[in-house]
Amino acid sequence: MAKKRFTSLRLAAMFMLGLALALFSESHDVNLIFGISLTFTNIILLLLVRAYGFKYSLFAALLVYSASIFVWDNPYAVAISLLEFVVVGLSLSLFKKDRSIIVDWMFWLILGAPVLFLLYSSAYGPLSDELWLMIAVPTVNGLFNVMTAEILWAYTPGRLLPPKVVNKRTPLFFYKVLYHIIFVSVTLPFLFYIVNNSWSAVRTLSDYTSKLTFSMSQHISQDLQQVWDSYDNDDKLSSTRLSSELQNIIHNYATNDRINILFTDEQGNIIAKSPMTPALTKSSQIEPSPSDQLIHDGLYLHVPSSKRSQILSNQEWSEAKYIYKTALGNKEVNLYILVSMNYFKDQLYCQYLGQFLSLLLFFICAAAVGKYLNSRLLRALNELTDLTTNLPDKLYSGIRVEWPESRITEIRALIRNFRAMSNTLIQMFQESIKSNQLLQEQTSQLQKSEKKLHHLAYYDELTRLPNRLHFTEYIKTLNLDNPDNTHPFALMFADLNRFKQVNDILGHTVGDRLLYNVAERFSLIVSEQCKVFRISGDEFLFILHYEDISDVQRIAQNICDSLETPFEINGRSLYMSVSVGISVYPYDGNEMDLIMRNADIAMYVAKEQGDGFYHFYDSIIENQRAESMQLENELKSALRDGQFTLYYQPKIDAVSNEVIGAEALIRWIHPEYGIISPAKFIPLAENSGIILDIDEWVLREACRQNKAWQDQGLYNFPVAVNISARHFYQSNLIPMITRILEETGLDPCYVVLEITEGTLIKNVNYGIQIMEDITKMGIRISMDDFGTGYSSLSQLERLPISEMKLDRSFIEGLTDGSRKSSLVRAVIELGHHMELKVVAEGIESPDDLKFLTELKCDEFQGYFFSKPLPGEEFCGFIRDWDSSSVIDIFDSEK
213 MAKKRFTSLR LAAMFMLGLA LALFSESHDV NLIFGISLTF TNIILLLLVR AYGFKYSLFA
273 ALLVYSASIF VWDNPYAVAI SLLEFVVVGL SLSLFKKDRS IIVDWMFWLI LGAPVLFLLY
333 SSAYGPLSDE LWLMIAVPTV NGLFNVMTAE ILWAYTPGRL LPPKVVNKRT PLFFYKVLYH
393 IIFVSVTLPF LFYIVNNSWS AVRTLSDYTS KLTFSMSQHI SQDLQQVWDS YDNDDKLSST
453 RLSSELQNII HNYATNDRIN ILFTDEQGNI IAKSPMTPAL TKSSQIEPSP SDQLIHDGLY
513 LHVPSSKRSQ ILSNQEWSEA KYIYKTALGN KEVNLYILVS MNYFKDQLYC QYLGQFLSLL
573 LFFICAAAVG KYLNSRLLRA LNELTDLTTN LPDKLYSGIR VEWPESRITE IRALIRNFRA
633 MSNTLIQMFQ ESIKSNQLLQ EQTSQLQKSE KKLHHLAYYD ELTRLPNRLH FTEYIKTLNL
693 DNPDNTHPFA LMFADLNRFK QVNDILGHTV GDRLLYNVAE RFSLIVSEQC KVFRISGDEF
753 LFILHYEDIS DVQRIAQNIC DSLETPFEIN GRSLYMSVSV GISVYPYDGN EMDLIMRNAD
813 IAMYVAKEQG DGFYHFYDSI IENQRAESMQ LENELKSALR DGQFTLYYQP KIDAVSNEVI
873 GAEALIRWIH PEYGIISPAK FIPLAENSGI ILDIDEWVLR EACRQNKAWQ DQGLYNFPVA
933 VNISARHFYQ SNLIPMITRI LEETGLDPCY VVLEITEGTL IKNVNYGIQI MEDITKMGIR
993 ISMDDFGTGY SSLSQLERLP ISEMKLDRSF IEGLTDGSRK SSLVRAVIEL GHHMELKVVA
1053 EGIESPDDLK FLTELKCDEF QGYFFSKPLP GEEFCGFIRD WDSSSVIDIF DSEK
């Protein structure tokens, strides 16, 4: 009784041990590459089927694979292994004869492989080496498990098993013994080689990627340092310019979609990245996680974490990548280089597919040959067994294999099959060697690329002129640190005018051809004393060592004159001009950064003078530009800190002499300079683009104030607001107006938008469409400063405007000359003919008022009635306004 109880406990303990081993095996699979792994769980589960029957082992299998999917987050594809176990386990239970190998072959042929084909083809699309590999690996793995379970069951010593389990084992046939020997002697070394080769390949890829990313980061660091060196140490590079420079660097190095580059600032904000880089906003999205593998300093392998919804075994590796991080400069910019695993997958998948298919072919050959062997072949088979032991290692080591001879047909066939298999293995080894050689060739190509990059680093690829780095090295030879030994020289900053328009209209191909031709003409000016460099885009630098300042003037004029002859490109004549800014060492600075900055300032002054001019640096102009730059930089803070305010100037009706409207005029109350004229800061706002935000604030404040006046009981009248022409080429003008009207609650009929004639210069039809949409909202549009622009009268007739405003330049001296008065009369008659109200602004005297009244002008505005007033004062003006005072003026004139 005690012995029986002991046997039962022993059986239960062995079952629990088998279950524990199955769980351990499922949680510790053998990883190969890119999420491909081998698992040996079914070996243990099939042993449990043979020992304890299908019922108990099925419970163990369900428990193991449930834990695999729901606890360890393995892909749902492992369910195929469970299905394989069910099919093979049922065959062991239903058939007296062991047909597990045949059943497993049928399972993979009919069910397993087709299911995997459907799953992976739906995920990876067309047929590829990756798809076939994803089918071949589980198939070979499954066959290996079934065969291994059969071998372990057959050869485990009986003394280690309970008697009830030993009694379930059937006698062995010799052909199976021979088959088992062949399987063990070849398959195990073969699988060992595959595993070892996989790990070696991973190390090789990591080493190659480490060298690639480190080399690339060194070159990028040099390029970025050159960008920083080109600016004054006291002036911090603007974020927009820095982003542009970084984007140029990315364009030079990220040559394909498998290598992506991005830069972040100190806070982790992404400031530049490759076009194919996934949508990222923060570097924290690619920072290493605990699951990532550190390869080398700054380089780690990032594999997205498994998700419960994962179906395929290598699904998470489709987005795997090597990520290299390093800080550049004084850690102000962080560089990230992302190397996608797709860079290597195709090559390695092809290699491993051949290996697993060869192993699968071996299974087929072994199954076909093994059953024809018999006991008479024992001696020959022993020799063959000894020969094939560690056969892959022997073949890999180059040891010559002397195959035995036999007159027996079956033995000869077996030897022939093994010889064919060994040849296949040799071919596989050769392919593996070729793969390693290919990696070495890629490394060699990388070294050649480094040499080419070194050459490209000093000469511009397009124009063949020396580039910025060459310029930097050349400056070092001038020995600026020792002024006594440095001959005076002039630095001339040459910038092509309207080159961007050529690129935008005619395309970058024509633009590149034009730059090449310009560089050819500039090269004709080069001499021992004069050097030329292409700095970036359409910017060139000349350095002239001169004896007399007249030499500088002559060369500068030659630079301007060199582009007078048109360029013939693709049968088209292109006229170009250049603006040249000149800074002289040591008079305009004793440091190169300062000299370049001064030349840049002089160049912009030359541009303002017109096309084809040169200009010497002048400190007075620099002060003016510095003030303008300061104001431009402070515009955003002024808008944010509430330094803007609105003044209102009344508009008087010519018939009733009543106040019928007002114009909102912005004022900047600067904390240092006091009130700044709009004429001074509005052009700066236009250039910087912040005019859009300023106009939105003005419109919102004017609508809010008008609504407040209405709520206070002041009679209703429209307020006119000036808006920039930029709004008519943005897509958010209508939504902005709608949003402001909804926020303030002001009726659209109390809003007048004043635009200038220049609004429609770029795209007349589009501008008119926007204006029509505005008028449909109930908002009136006024043509401001009429007569000062270049609008066509034919276009004016198409505009959906309700009034035109005569510019004050027409009103000044109106009564002094007949020609101006005739012109004003004609404009007023034109406006009335087009059924437009005519508003005269800038009225400052009774004579102006009287004359314009006689000309039937509809509305008046000017200092004669009131200067622009703050909101509260304007409200008091409205309340105190007496229209009879205007009538008294006319009566006194009579």
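In my numbering, the protein residues as written are 213 to 1106. Every residue, glycine too, gets a C-beta built ideally from N, C-alpha and C.
Do you know how far the Cα of residue j is from the Cα of residue i?
{"i": "residue 875", "j": "residue 723", "result": "46 Å"}
{"i": "residue 359", "j": "residue 395", "result": "8 Å"}
{"i": "residue 229", "j": "residue 259", "result": "12 Å"}
{"i": "residue 596", "j": "residue 626", "result": "9 Å"}
{"i": "residue 826", "j": "residue 470", "result": "46 Å"}
{"i": "residue 566", "j": "residue 501", "result": "35 Å"}
{"i": "residue 248", "j": "residue 271", "result": "27 Å"}
{"i": "residue 745", "j": "residue 689", "result": "15 Å"}
{"i": "residue 1002", "j": "residue 968", "result": "In this prediction, residue 1002 scores a pLDDT of 48, lower than 50, which makes its location untrustworthy; no coordinate-derived value is stated."}
{"i": "residue 1090", "j": "residue 1078", "result": "11 Å"}
{"i": "residue 300", "j": "residue 367", "result": "20 Å"}
{"i": "residue 923", "j": "residue 540", "result": "59 Å"}
{"i": "residue 477", "j": "residue 553", "result": "26 Å"}
Report yes if the CB atom of residue i is closer than 8 Å to the CB atom of residue j, and no otherwise.
{"i": "residue 1014", "j": "residue 992", "result": "yes"}
{"i": "residue 940", "j": "residue 990", "result": "no"}
{"i": "residue 257", "j": "residue 224", "result": "no"}
{"i": "residue 680", "j": "residue 442", "result": "yes"}
{"i": "residue 1040", "j": "residue 1068", "result": "yes"}
{"i": "residue 363", "j": "residue 324", "result": "no"}
{"i": "residue 964", "j": "residue 936", "result": "no"}
{"i": "residue 1107", "j": "residue 828", "result": "This structure does not reach residue 1107, given that the chain is present from 213 up to 1106, and the question cannot be answered."}
{"i": "residue 407", "j": "residue 242", "result": "yes"}
{"i": "residue 1018", "j": "residue 1050", "result": "yes"}
{"i": "residue 792", "j": "residue 772", "result": "yes"}
{"i": "residue 807", "j": "residue 770", "result": "no"}
{"i": "residue 1071", "j": "residue 864", "result": "yes"}
{"i": "residue 424", "j": "residue 461", "result": "no"}
{"i": "residue 1023", "j": "residue 1060", "result": "yes"}
{"i": "residue 691", "j": "residue 684", "result": "no"}
{"i": "residue 227", "j": "residue 237", "result": "no"}
At which residues does the beta strand (DSSP E) containing residue i begin and terminate?
{"i": "residue 781", "result": "779–781"}
{"i": "residue 881", "result": "871–882"}
{"i": "residue 748", "result": "742–748"}
Sorted by chain position, which residues of the same chain lie with C-beta nearer than 7 Å to residue i's C-beta, five sequence neighbours on each side aside?
{"i": "residue 859", "result": "877, 879, 1080, 1081 and 1082"}
{"i": "residue 674", "result": "724, 727 and 728"}
{"i": "residue 1048", "result": "1013, 1014, 1015 and 1016"}
{"i": "residue 789", "result": "709, 775, 823 and 824"}
{"i": "residue 466", "result": "472, 473 and 486"}
{"i": "residue 302", "result": "266"}
Grab me the residues of residue i's own chain with a C-beta within less than 8 Å of its C-beta, minus the 5 sequence neighbours each way, in chain order.
{"i": "residue 900", "result": "844 and 847"}
{"i": "residue 896", "result": "840, 843, 844 and 847"}
{"i": "residue 294", "result": "273, 274 and 277"}
{"i": "residue 818", "result": "791, 792, 793, 825, 826 and 827"}
{"i": "residue 1044", "result": "1050 and 1068"}
{"i": "residue 459", "result": "484"}
Taking the alpha helix (DSSP H) that residue i belongs to, which residues open and close that run?
{"i": "residue 989", "result": "Taken as a continuous stretch (DSSP letters only), residue 989 belongs to no alpha helix (DSSP H), as it is neither H nor E."}
{"i": "residue 942", "result": "Careful: residue 942 lies outside any alpha helix (DSSP H) and carries neither H nor E."}
{"i": "residue 473", "result": "Residue 473 -> not in any alpha helix (DSSP H); beta strand (DSSP E) instead, spanning 471–476."}
{"i": "residue 259", "result": "253–264"}
{"i": "residue 546", "result": "Element bounds for residue 546: not the alpha helix (DSSP H) but the beta strand (DSSP E), 545–552."}
Here's a check: name, in chain order, each residue in its chain whose Cβ is nearer than 6 Å to the Cβ of residue i, leaving out the five neighbours to either side.
{"i": "residue 519", "result": "The predicted position of residue 519 is uncertain, since its pLDDT is 49 and thus under 50; no value can be drawn from it."}
{"i": "residue 747", "result": "680 and 753"}
{"i": "residue 919", "result": "956, 957 and 958"}
{"i": "residue 315", "result": "300 and 303"}
Residue i: beta carbon under 7 Å from a heavy atom of the ligand SAM?
{"i": "residue 841", "result": "As for the ligand SAM, it is missing from this structure, which has no ligand bound."}
Exercise. Mind listing, in chain order, the continuous beta strand (DSSP E) runs of no fewer than 3 residues lying wholly within the region 1019–1083?
Key: The qualifying runs are 1049–1053 and 1071–1073.
Quiz item: Which parts of the region 288–365 are runs of the alpha helix (DSSP H), unbroken and 4 residues or longer, counting only runs that do not cross its ends?
Solution: Runs found: 291–306, 312–319 and 325–336.
Quiz item: In chain order, which continuous runs of the alpha helix (DSSP H) of length 4 or greater are located wholly inside the region 812–865?
Solution: If only complete runs of 4 or more residues are kept, the region 812–865 shows the alpha helix (DSSP H) at 831–852, in order along the chain.
Quiz item: Which residue spans inside the region 899–967 form an unbroken beta strand (DSSP E) run of at least 3?
Solution: Whole beta strand (DSSP E) segments, 3+ residues: 931–934 and 963–967.
Quiz item: Which runs of the alpha helix (DSSP H) fall wholly inside the region 648–693 and span at least 4 residues, in chain order?
Solution: Correct list: 680–689.
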